[in-house]
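Asks: Dropping the structure in here first, questions after.
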Ligand code: SF4
């Protein structure tokens with residue numbers, strides 16, 4: 223009997239739709255987790271959440287939303303506001319979200335966890351993997367470092383986003399402090 227059970231941390235529908243399609247085709251036992259305290263403002267968070275839920279419903283994949291706690295994210299990234307994307311603020315942001323995913327995976331009988339946080343070409347895939355592995359060590363559960371961008375993953379992501387008319391944001395998630403709610 224295959225007891226593998228994967229928890230997949232997702233940031234939004236466009237980044238996860240191709241991976242959901244691929245894992246569904248493989249008949250993988252997996253759940254999509256939405257833990258994104260980095261997303262501002264709250265209206266934007268709600269839009270991405272709704273779209274990610276819609277896609278999971280369409281593919282018949284379980285979807286879990288954890289707490290939306292932007293103040294935890296603010297505290298963790300304090301002092302790093304002026305870091306560029308791919309810099310130290312992103313290290314902290316990835317680790318915060320992946321460690322929470324690892325905790326949830328451990329507490330809920332998953333055998334491994336992974337994420338789609340590095341699928342966009344705007345992201346540093348190795349940076350995401352380093353955070354995932356650190357979270358894995360901290361919670362003692364394996365992090366799957368599959369690069370979903372490869373083997374046409376990025377093209378499929380773009381094609382499905384268009385085909386399914388997904389809401390596609392124009393920024394990663396955090397905003398300058400002056401615009402925070
Ligand atoms: S740019 Fe994205 S990954 Fe980096 S800190 Fe902001 S929300 Fe997090």
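Residue numbers (this note's numbering): 223 to 403.
Virtual Cβ for every residue (Gly too), placed ideally from N, Cα, C.
Is the closest heavy atom of the ligand SF4 to the C-beta of residue 340 under 6 Å?
Replies: no
Asks: Span of the beta strand (DSSP E) holding residue 286?
Replies: 285-287
Asks: How many Å lie between residue 399 and residue 231 at the Cα?
Replies: Because residue 399 carries a pLDDT of 48, less than 50, the predicted location of this residue cannot be relied on, and the following value inherits that uncertainty. In a straight line, the C-alpha of residue 399 is about 25 Å away from that of residue 231.
Asks: Got a sec? Which residues, its chain only, sit under 7 Å from residue 261 by beta carbon, not counting five neighbours each side?
Replies: 267, 270, 395
Asks: Once the 5 residues before and after residue 397 are set aside, which same chain residues still bring their CB inside 8 Å of it?
Replies: Within its own chain, the residues whose Cβ lies closer than 8 Å to the Cβ of residue 397, once the five positions on either side in sequence are excluded, are 262, 263, listed in chain order.
Asks: In the DSSP output, which residue or residues are listed as bridge partners for residue 254?
Replies: 230, 285
Asks: Mapping the DSSP letters down to three states, classify residue 337 as helix, strand or coil.
Replies: strand
Asks: Return helix, strand or coil for residue 267, following the three-state DSSP convention.
Replies: Secondary structure at residue 267: helix, using DSSP grouped into helix, strand and coil.
Asks: Check whether the Cβ of residue 329 lies closer than 6 Å to any heavy atom of the ligand PLP, and answer yes or no.
Replies: This structure lacks the ligand PLP; the ligands present are the ligand SF4.
Asks: Among all the DSSP beta bridges, which residues are the ones paired with residue 365?
Replies: 335
Asks: DSSP three-state label for residue 400, please.
Replies: With a pLDDT of only 42 at residue 400, under 50, the local geometry of the prediction cannot be trusted, and the value read off the model is given with reservation. Reduced to three states, the DSSP call for residue 400 is helix.
Asks: With DSSP collapsed to three states, give me the class of residue 308.
Replies: Coil.
Asks: May I ask whether a heavy atom of the ligand SF4 can be found less than 6 Å away from the beta carbon of residue 311?
Replies: At a cut-off of 6 Å, the beta-carbon of residue 311 counts as near the ligand SF4: some heavy atom of the ligand is closer than that.
Asks: Quick check on residue 344: buried or exposed, where buried means 16 or more other Cβ atoms within 10 Å of its Cβ?
Replies: Residue 344 should be labelled exposed.
Asks: How far does the alpha helix (DSSP H) with residue 294 in it extend, from its first residue to its last?
Replies: 292-299
Asks: So, residue 299 versus residue 308, is the Cβ gap smaller than 7 Å?
Replies: no
Asks: Let's test the definition: count the other Cβ atoms within 10 Å of the Cβ of residue 284 and tell me whether it reaches 16, buried, or not, exposed.
Replies: Residue burial annotation: residue 284 is exposed, with fewer than 16 other C-beta atoms found within 10 angstroms of its C-beta.
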